[in-house]
Amino acid sequence: MSFSKKIHQSSGLIFPAVAVIMALALSTIMDPYLAFIATSWVIFGLLGLSLDIVWGRGGFLSLGQTAFYGLGGYFGSVVAINLAPITGNSLIWALPAGAIFGAIAAGLLGYIIFYARMGALQSTILSYTFTLLLWSVTQSFKMNIGEASISGDSGLSNIPGIILGFDPQAQTLNPNTSFAVVVIISAIIYFITRWLMRSHFGRIIDCIRIDHEKTELLGYDVRKFKLANFVFSGAVAGLAGALFALWSNFLNPSIFSVQEALLIPIYVLVGGLGTLAGPFVGALVIGALSFFLGTEAGGQTTLILGIILIILVLFFKNGLLGTLNALWQKYLPDPNEATRNSGAVQIDANVLQHILKDAEKQAGPAKSLVSTSLFKQFGGIIPVNKVSRNFQPGQPYSLIGPNGAGKSSFLKTCIGMYLPEEGHIYLGDVEISQMRIFDRVKNGMGVKNQKPQVFGELTVINNLWTAAFSQTRSNAKALEISHKILTMLGLSAHANVQASALSHGQQQWLDIGVVLCLAPRVVLLDEPAAGMTNEETRELSLLIRTLARHTTVVVVEHDMEFVRTLEGHVTVLHQGEVFAEGDIQTLRADDRVLDIYLGRRNHV
Amino acid sequence: MKTYILKRIALSLMIFFAGSSYAQVKIGAIYDITGDLNIFGLQQINGLNLAVEDINAKGGVLGEKIKVVTYDTQSALNKYTQFAKTAVLRDGLDAIFAGLTSSSREAMRPIFRRANMPYFYSTIYEGGACDKQTFITGPTASQQLKPLIQWAIKKYGPKIYIMAPDYNFGTISASWINEYAKQFGGEVVGEDFLALTVTDYSPTIQKIQRSKPDFVVALPVGPSQVGFIEQFAAAGLKENTPIVSSNYSTGNEQVLLSPSAGKGIIASHVYFMSLNTPENKAFLTRWFDKYGKTDAISPEAVTVWNAVHLWAKAVEKAGTTDHTAVIKALESGDLHFTGPNGLVTMEAGSHHTRQNVYIAEGNDHYGFNIIKTFPNAAPNYESQVCDLIANPKLAKHFTPSTK
Amino acid sequence: MEIDFLVTVLLSSLSSAAILLIAAMGLAVVFGLMGVINLAHSEFLMMGAYAALTITKAGVPYLLSIPIAVAITMAIGAVVEILIISRLYGRLFDTMLATWGLSMVLLQLAVLLFGTATPSINLPQFNISIGDYQLAGYPLILIGVAVIMLILIYLLMTKTTYGMQARASIQEPEMAQAIGIESSRVNTFTFALGCGLAGFAGAVLLPIIPATPSMGMAFAVKSFLAVVVAGPVALTGTALTAIGLGGGASITASLLTSVAGEVFFFIITAVLLWRYPMGISAKWRRKL
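Chains as they are written, first to last, in full-length UniProt numbering: chain A, 1 to 604; chain B, 1 to 403; chain C, 1 to 288.
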């Protein structure tokens, strides 16, 4: 590995560390007023970081960050005003109090947003509404809590400054030392965040951002992960708010205003979305700019800031750090290069047998999938009408039927994307009719959708690992399983390549491998042969037949020829109902089946 | 070597951020020059620049020209704290003129207190700010409301409806109105407080009709004041139920309002453009020369103008720009100045100003006809609770107990 | 409670809802047909008001100034679409940020052009009496204006070539491309239409709302909420949310306090989003 590449890989560690050391060195000699102003930029950077956690990593543009920031600030201040005089040190009161309050507020809001499964825009708007509501009601909110008196739009004053000494007589730090302290606190939060985002938790958060549905199909309760991530970001925002309060010694409701709320995404965008360090760069640049313009621009500040924002969005989508990173990567060897033109996949049936036996040891014997009088309705359309099926291990089951026959709807009802109005579904002995998707997966269901669903930004091995980890909850076991499946797929050479660099066919195989990593007891495949070459289709047929000997396999398919090679049981669906069943030869001879496929009158 | 480079970096940063620091007399102006509050901010900064130009044309203070350092807070609160600190730590100013909203004042006040820097706040506000370094040339809520309520009860009858914004200026003003109503034999028959985000005034208009007041006291600011009056007038209610206000004209509402709706609105304030005094005529000529002919000069512009002049007088009186000496001169009790709105006197103990309060009636060409003058109206409440001569260490924001 | 009070409350609440609907319509069209949230909507509303005011002052009758204001805002909208929006298709949040930047620019430009206080003009006013209560007539007319606006947009979308192309572009984008619909031109027109509707709102609201640079802001927030709560079926959905949220808030404010009315608006918005996480119209089968 080249030196440049090594630095690039740990750039999120090295550069911030260097910046921190430089800032600390500068803090001893810089002008006090500059230290004071720069302190606020660092605090805004911290607030930006809290947004980057939910937006850059979690994929949810929250306009509620200033609400957590403000609430954390108010609460932290109230605690500090009352308790700091006893101990001297104000940080030990304000920071934890702010973080906890911010986390609680984020938890409440996040619970509504994520557990209601709100759309992206709706989530953003609800978080915005939350901020606006606070802005509106705090204007006349008055309350005395001990020594602290919150008085509507006149705000909360007499907030102590940053005090370190543990002595009631301890003095507020001077601007330079305050700056150093804020830099150190922010650095600690940054490195904790970076560690968290590189941990298993962070990897799953990345998966959720890239493909929310697939992550749930791997058995993760995405709501829980999103909520946890949001609560963490709320804590960071609340802590930043408490720091801000100590910095300004004053808070008022305008902290919840529209302008404040919209400024935070700008810090993140300018620095670079998802980079974690970017928001600090963004806050520094925007802070310095609006400070400079505020004294020098002769009253055109907002005009210039607006133009800069437009230009940034149009031409520098990745922000400063993102653009730098892209430039740097041009000069690094492309790790995905070798993969671009590699050959087709070949399944090693023996290895597969072995893996399937291991899976049986790990997850128990195959389970049946049974539906009884399953019924699903959308307005006047009934895509699933009293379908009763009993799928057992041993042979593959195919569902066929013309377009609109209800094949996919039946499959989606089994997976849990639709919830049935009537009837039952059993996975083994467990009724799963109203179960969430991830719970079904935990109970042994594996699903492969028509299009390859892989996490393009993750490496091939990490794609497999994420699935294996969902079932085993053990890093070592997950690594073992994913390496086995990697070998079986013949993708070992590409283990550390980004999944998006694989060809379409390779991605299909990777996706199948991901499903196998779950050690599923029932496998549902939606048009798996779509877009595959003849050679690949043959391999797939072999795989499905092998798979069916160890688990229950249900395939929804269009391609009659492919269904024939599976040599299994076939169900013909028509207008949501079971129309005919048997083996493929019998059905091919059945005139009624031909009628519905060809759209002949008497059965349509 | 390393420290040398660091020092070089720090030094170049300082040069980047530091303006020139050689002028002899420097004052700072921290106002919202851009963003949605600049309706007020531009009036304030224009008033300030005009006053400085006026003083400089007459030879400056202590023989030195005054230099102005302007900070644009962009209608964002955190910028107030930031620029107040910049003014104190970097620019070494002799006095500071700053702030519009109460929150901006409360954010900056402690900073100027610690720096012992004379600070002038010149907006109409809810009253009660009490601080050694803070001097207030705008009127307080009670200062303008007392004559207004007294006059209106006598003129229209005792039943009052209060319509006020739901923040301190509104709620505190309402509590004063309740008190003056009692004092002058009136009765508050209804109150409605408007949230910041309200755009729909019809609910209030119906409630007003329901409680059948003799007059309405309307206290929102800017476009929401105008929106309310426009809809109230359009419903044909203005003829039978007069509207009086102690802050109408602060944001040049009389210009934004259509002439027919503006006719007959009663306002009490410390300044109206139609004042017929030599000082005002001279002031208007200057203003029109510099900024062009306009119908919109708000009282904020004049109270800032007065503030700059009062400070200049105090400097002359002290013979130095030294902060402590200037503050001492300002609170000497006999510091006064005749501005466009008449005689303005800085009270020693309260740091508020005694000045004329006028009651005026809106006409149908964006202006007012003065109908009554209350000369030398005192900030009673502030004089009563705040005595900085006796208690120089006092630093508080007094509020009457609101209901 | 007196019957005349209740009737006035109902009527004026309906007019409040109509005002919200008029203000939100342009936003709804752009969001419904392009999936774009235009944060500079409030500034287009403001430009419409200034255009109508300036033209009326120049001697043109007020009624005639409205179509001119619409034309002006449409033209500006088209330019903005070509220069900015068209480069950001499919990037919802980037569009939001770019249009927010645009709104800052337009706001400051308006201050430079018109100053902070532009003298307004007398516009025709009348009032009606119901029992002991009087109501301004103009806001009641706006109820009719809102209804006519809805009908006209509905006809535009269903009966004209443009409307069919616009709907085809959102429902079957690939098919629309294949049959030769130039979606970029359709989008330019749709965005311009949305801006024109904002300009229309500014012009017709001029008699009750003064023209100031930040006048649109007061409406913008509630319009956004109404449109987003409405969801994908933007037109019908927004009509419903405007009546429910705007009218409901107005009734609450009449019967309780103004603050209660505002809190009602925000709380009901939150509850609706919670119950209908993709907007209230997410599962409707109609498309307009």
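By construction, the Cβ of each residue, glycine as well, lies at the ideal position given by its N, Cα and C atoms. Please read all numbers here as calculations on a predicted model, not as lab measurements.
Using a 10 angstroms sphere on the CB of S199 (chain A), the tally of other CB atoms stays under 16, which defines it as exposed.
The Cβ atoms of G107 (chain A) and F75 (chain A) do not sit closer than 8 Å to each other. Under a 10 Å Cβ-count criterion, G185 (chain B) is classified as exposed, with fewer than 16 other Cβ atoms of the shown protein chains found around its own Cβ. Those residues of the region 34 to 55 of chain A placed with their C-beta closer than 8 Å to a C-beta in chain B are L34, F36, I37 and S40, ordered along the chain.
Boundaries of the alpha helix (DSSP H) harbouring Y50 (chain C): H41 to K57, taken from the DSSP string. Distances from the alpha-carbon of V302 (chain B) to those of B:I45, B:Y80, B:L388 and B:E106 put B:I45 closest. The beta strand (DSSP E) runs lying completely inside the region 45 to 73 of chain B and spanning 3 residues or more are 66 to 72, given in chain order. DSSP, reduced to helix, strand and coil, places M417 (chain A) outside both helices and strands of the structure shown, so it counts as coil. Within the region 343 to 368 of chain B, the residues whose Cβ lies closer than 7 Å to some Cβ of chain C are Y366, listed in chain order.
Every beta strand (DSSP E) stretch that sits fully inside the region 129 to 167 of chain C and reaches 3 residues is listed by chain position as 133 to 136.
In the three-state scheme derived from DSSP, where H, G and I count as helix and E and B as strand, Y331 (chain A) is classed as coil. If one requires a minimum length of 4 residues, the alpha helix (DSSP H) runs lying completely within the region 310 to 334 of chain B are 323 to 330, in chain order.
For T338 (chain B), the enclosing beta strand (DSSP E) stretches over residues H336 to G339. The alpha-carbon separation between G202 (chain A) and I308 (chain A) amounts to approximately 32 Å. Contact note: T302 (chain A) reaches chain B through T34, G35 and Q74, using a C-beta cutoff of 7 Å and chain order. Listed along the chain, the chain A residues whose CB falls inside 8 Å of the CB of A98 (chain C) are L309, I310, V313 and L314. In this structure, H569 (chain A) places its C-beta atom within 8 Å of the C-beta atom of D583 (chain A). Not a single C-beta of chain C is nearer than 8 Å to the C-beta of P85 (chain A).
Counting of Cβ neighbours within 10 angstroms places Q355 (chain B) among the buried residues, the total reaching 16 or more. Residue-level contact by beta carbon fails for F191 (chain C) and chain B, as no gap is shorter than 8 Å.
Counting the other CB atoms within 10 Å of its CB gives W55 (chain A) a total of 16 or more, which places it among the buried residues.
For P420 (chain A), not one C-beta of chain B is nearer than 8 Å to its own C-beta. Beta-carbon to beta-carbon, H352 (chain B) and I136 (chain B) are separated by about 5 Å, close enough to satisfy the 8 Å threshold. Residues of the region 180 to 193 of chain A whose Cβ lies closer than 7 Å to any Cβ of chain C: none. F97 (chain B) has B:A29 and B:F120 as its beta-bridge partners, per DSSP. Under the DSSP assignment, P278 (chain B) falls in the alpha helix (DSSP H) whose first and last residues are P278 to Y291.
Straight across, the Cα-Cα distance linking K448 (chain A) with N144 (chain A) is about 59 Å. At least one CB of chain B lies nearer than 8 Å to the CB of F5 (chain C). Distances from the CA of T197 (chain B) to each of B:Q209, B:P223 and B:I205 were compared; the closest alpha carbon is that of B:P223.
The beta carbons of L427 (chain A) and K367 (chain A) sit closer together than 8 Å. In this structure, the beta-carbon distance from V270 (chain A) to T39 (chain A) does not fall below 8 Å. With its beta carbon less than 8 Å from one in chain A, Q82 (chain B) belongs to the interface. Between A261 (chain A) and T129 (chain A), the CB-CB gap reaches or exceeds 8 Å.
Listed along chain C, no residue sits closer than 9 Å to S268 (chain B) by beta-carbon distance, the nearest being about 20 Å off. Closer than 8 Å to the CB of K393 (chain B) there is not a single CB belonging to chain A.
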